[in-house]
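*Asks:*
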Amino acid sequence: MTTEILLFKNINILPELFLGISLLYLVLYGTFLSMNKNFPLIVNSCVFLGILILLMTSFLLVNDSLDVLESTILNNTINNDFLSLTSKLIISITSSFCLLMMYTHLNHQKINQFEYILLFLFSILGLFLLCSSNDLLTSYLAIELQSLSFYVLASFKKNSTFSVDAGIKYFILGAFASSLFLFGSSLIYGVTGTINFSDFKDLFFWIFPGSILGLSNLEQYYENQDQDILLLALLEKFSNSQDKLLSQYDGDVLRYEIDNTKLYENSVYNYEKIYIYSLITSTVIDSMHSILTTSNNQSSLTYEQLYYLGEWLYFLQFSGDTMIYHLLNSYYLVCDNTNDFIEKGTFDEKNRFELTRWFFGSFSFLIAGCVKQNDFQDLHVLESSLDTNLLQIGLTFILISLFFKLAIAPFHIWSPDVYEGSPTSSTFFFAIVPKLGLFVLLIRIFYGSFYGLIDNWRYLCVLVAIVSIIVGSFGGLEQRKLKTLLAYSSISHMGYSLIAFNSGTFEGIQMLLSYLIVYVFSGLCIWSIFIIARLKNNHSLLKHNKDLTDLVLLNKTNKMLALFFTISLFSVAGFPPMIGFLVKVGIFLTAIESSMYFLALISILCSVVATFYYIRIIKIMYFEKVIVGKLYYPITSNKGIIISLLFISLIFLFINPTLIILITHKLSLLILN
Amino acid sequence: MIINFLFYFFSFILILSSLMVIVVQNAVHSVLFLVLSFISSASLLFLLECEFVALLFIMIYVGAIAVLFLFVVMMLDVKTLTVKKDILKYFPFGSFIGIIFLTEIFLVVSDTFKTNPYIGSSLFNYYTNWLDKVDSLTELESIGQLLYTHYVLQFLIAGNILLLSVIGAVSLTINTSHTAKKQIIFKQLSRTYKNVLIV
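Read top to bottom, the protein sequences are chains S and G.
Position 670, counted from 1, in the first sequence is what our numbering calls 2095; the numbers after and before it change by one each time, with no gaps.
Position 72, counted from 1, in the second sequence is what our numbering calls 387; the numbers after and before it change by one each time, with no gaps.
1. Should G:Q469 be flagged as near chain S, meaning a C-beta pair shorter than 8 Å?
2. Among S:L1474, S:G1901, S:L1486, S:I2096, which has the Cα closest to the Cα of S:P1841?
3. By Cβ distance below 6 Å, which residues in the same chain neighbour S:N1488 in space, the five residues on each side in sequence not counted?
4. Measuring CB to CB, does S:G2181 end up less than 8 Å from S:A1890?
5. Would S:F1629 and S:G1877 qualify as a contact pair, given that the criterion is a beta-carbon distance under 8 Å?
6. With a 10 Å radius around its C-beta and 16 neighbouring C-beta atoms as the bar for buried, classify S:I2096 as buried or exposed.
7. By the DSSP assignment, the alpha helix (DSSP H) with S:G1455 in it spans what residues?
8. Going along chain G in order, which residues have a C-beta closer than 7 Å to the C-beta of S:I1503?
9. Look at the alpha carbon of S:E1540 and the alpha carbon of G:I489, and state the distance between them as a whole number of angstroms.
10. Who are the neighbours of G:A473 on chain S, taking C-beta pairs under 7 Å?
11. Would you list, in chain order, the members of the stretch 1892–1911 of chain S that have their beta-carbon closer than 7 Å to a beta-carbon of chain G?
12. Whose CA, out of S:T1617, S:I1568, S:F1854, S:L1439, lies closest to the CA of S:L1578?
13. Give a yes or no on whether 8 Å exceeds the smallest Cβ distance from S:F1507 to chain G.
14. Classify S:H1533 as buried or exposed, calling it buried when 16 or more other Cβ atoms lie within 10 Å of its own Cβ.
15. What residues from the stretch 1547–1558 of chain S come within 8 Å of chain G, judged by C-beta to C-beta, listed N to C?
16. Buried or exposed for S:P1848, please, with buried defined as at least 16 other CB atoms from any protein chain shown within 10 angstroms of its CB.
17. Which residues in chain G have a C-beta closer than 7 Å to the C-beta of S:G1618? List them in chain order.
18. Output, in chain order, the set of chain G residues within a Cβ distance shorter than 7 Å of S:G1445.
19. Smallest Cα separation from S:I1542: which of S:L1555, S:M1527, S:F1553?
20. Using a Cβ-Cβ distance cut-off of 8 Å, determine whether G:S480 contacts chain S.
21. So what does DSSP say about S:D1366, is it helix, strand or coil?
22. Below 8 Å between beta carbons: does that hold for S:F1622 and S:S1874?
23. What number of angstroms, rounded off, separates the C-alpha of S:V1896 from the C-alpha of G:A379?
24. Within 8 Å, do at least three Cβ pairs link the stretch 2028–2043 of chain S to the stretch 1904–1923 of chain S?
25. Is the Cβ of S:T1563 closer than 8 Å to any Cβ of chain G?
26. Per DSSP, which one or two residues make a beta bridge with S:Y2057?
27. Between S:F1522 and S:F1443, what straight-line distance do the alpha-carbon atoms span, to the nearest angstrom?
28. Under 7 Å, CB to CB, which of the residues in the stretch 334–347 of chain G have a partner in chain A?
29. Can you tell me which of S:L1499, S:L1546, S:H1530 puts its alpha carbon nearest to the alpha carbon of S:L1479?
30. By the criterion of Cβ-Cβ separation under 8 Å, what are the contact partners of G:G483 in chain S?
31. Mind checking S:W1952: buried by the 16 CB within 10 Å criterion, or exposed?
32. In this structure, how does DSSP classify S:T1619 when only helix, strand and coil are distinguished?
33. Our contact map puts G:V343 next to G:L385 with C-beta atoms below 8 Å; I'd like the distance itself, whole angstroms only.
34. Please tell me whether, using a cut-off of 7 Å, the distance from the CB of S:H1837 to the nearest non-hydrogen atom of the ligand ATP is below it.
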């Protein structure tokens, strides 16, 4: 592999480079202007600069021509395929919406520091790198970049105890999750010797494809593969092929193996090799047996084949393998008519050929019987050659750390507290945007590279999905704060996405991505309404923790806002005339199609339960008879336009879901490159 | 020749200083001997041409951890006690544990390191490090060359993370308003168990 440095061919990461460099300029801008005493509201100009930077980045992303350039660049560490491009585009557009929505809120919260926007952009840079990372190191660094800025964003309101509390909680649990990720990656590196996702794919998708040995092309293995794999290939060929005979080429390979094997005492590697040899021998003998029984003619074996097999058995005789001795002994005990021969001779150079003939004349019958008795069909050949247990532990650690970051149920305890305590503008951001990037990483790791081991990681995912849906649905019932309720809602939504994630099909990926996109847009709608509906209350100017009862007079003060809030809540709950219904049905259908009936049943029932707390908000807004309540300030027209756009998209996508379905279809087909 | 001499010299210092760490009465002196043992082990690594690991040793253990120890020990103001009469009391048990560990180490070493089975036969080949004779690139150089070419993007991201942490720390600790939460030592010291709200 030639080393590559930052050259013009790596222009694919131009959006990230642009974002990073403009970040540095923003640092300079903010530093010089914040020293000027006459500039009162620096955060306003920084917000608009941030929006400008994000829009220019998305312009660069749109103009990225993937057809011309290579998708993997910088020594395979960055993979700029269609998936990363689309998710980056969605992330940048969504976060520019976030910035646009939050800037008056920042003014009212008296957050007047340019660092806020800077941290925001840093986390977006981290998400960009996360979407396109193609090895464990880059993805770890991207996660760190993203979550470090989140910790600071959570604790940014320094005069609030809740905010500081949330920041510390987020920091400790996030650091814990990152350390789990590192531990899992180090285990995986220890087992495989690589950290690159493409190499994982080569290893576990093509060479060791899980429990199945897809060895159609033996020539390839003969030429350039490891010896163990070669032996496995031979074994597979013997047990599968029609004629069940050794060719000249196979024999040469075997002979080469025998000549090159040196035996040391107590060597585990060697023991494994002998084990594989013995497996091959028994399979060969089995095939010989079948030939002999069918044709009853010993001369159907050629001289060369017999020669190689004799060589083989000669080797095994001196290998000191206990299993072979066991087989031999069992044979000796049974076979009476050859007793005299055994008494006479040993296996030495002279009578090797005769021995070979003798072996295949009668020995094969009995060995075949032994093989049948020991049930050799269930031999775990892979486990003897590649230790997947350690790999599974590493993968489980990575899964758990990413679940921590995504706040999926057994690892969700931090999320309601942190969402409640942090400033609303920060919560707005990290409730919506990072989920997409983290799921892209999950897809890259578990679909792109470890798809061969799907049977192993799927169990954990299914369990976690069930727990997450149950916790998200039942935990939200008790909540009286809107932010906590939305946190529980996001937990259950992550559970639904996880159902689609562990279906293991292209439709599952498609549904996962479309669900996430819809989640992002409807979440954007809900949180925008939440953040711009400002209470007319002098005392709680700085406090923005809305109770559910604060929404009582929203319908009276701002009818359209209440209507939009209702409709987007319906969409999140999964009611028919909105896009939320279609994607949720799609998720249930994928679960049923991949035979996860129990999971589908539980998630449908919990979805009904979760509808309760969405509808309760609507009931509070429309059907409460109150005399005293809090009124709301009117909203500005540009925010009204954005809210209307988001709202219309929710209904328009239901009428014409082709847009989202087509994009996600293309994404799902291009995942494996 | 001189390398051998230096090796024995530093090993001697290492053993002596690590012995002094546990023998010496004053805690500050003990930490200083710990620093000395770190430095001598780092120089041993230098002699073995593991420059990067040696520098990491000095940077992390001496620069960060040992200095932290030193600060803590100096702040705690530990009284020096005379433990001479206890030495005889703990000697049997201590020597017992020491002998057990010694035998374990011997067993592990004798199990792990083996003589070459091919010694004396024609298959035996002598080890010659041809790379040393042809091309001598030190460890630091090779790591640096890899870091600035192969892992340039990761290096940039790490730089960004450092910048982010600086900005985050500054923005969290800078005092712009008087309402920000900060430590009031008097309040903290006068806090007792009874007047704390327990949730």
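Think of the CB as a built atom: it goes at the ideal place given N, C-alpha and C, for glycine as much as any other residue.
*Replies:* With the given structure in hand:
1. yes
2. S:G1901
3. none
4. Nothing can be reported for residue 2181 of chain S, as the shown portion of chain S is limited to 1426 through 2098.
5. yes
6. buried
7. 1439–1459
8. L468
9. 11 Å
10. L1566
11. none
12. S:F1854
13. no
14. exposed
15. F1547, L1550, L1554
16. buried
17. Per Cβ cutoff of 7 Å: no residues; S:G1618 is ~16 Å from chain G at best.
18. N475
19. S:M1527
20. yes
21. The requested residue 1366 of chain S does not occur in the structure, where chain S is confined to residues 1426 to 2098.
22. yes
23. 44 Å
24. yes
25. yes
26. S:L1960
27. 20 Å
28. No chain A appears in the structure shown, which is made up of the protein chains S and G.
29. S:L1546
30. E1540, L1544, L1573, S1574, Y1576, V1577
31. buried
32. coil
33. 7 Å
34. Absence of the ligand ATP from the depicted structure is noted, as is the absence of any ligand whatsoever, leaving it without description.
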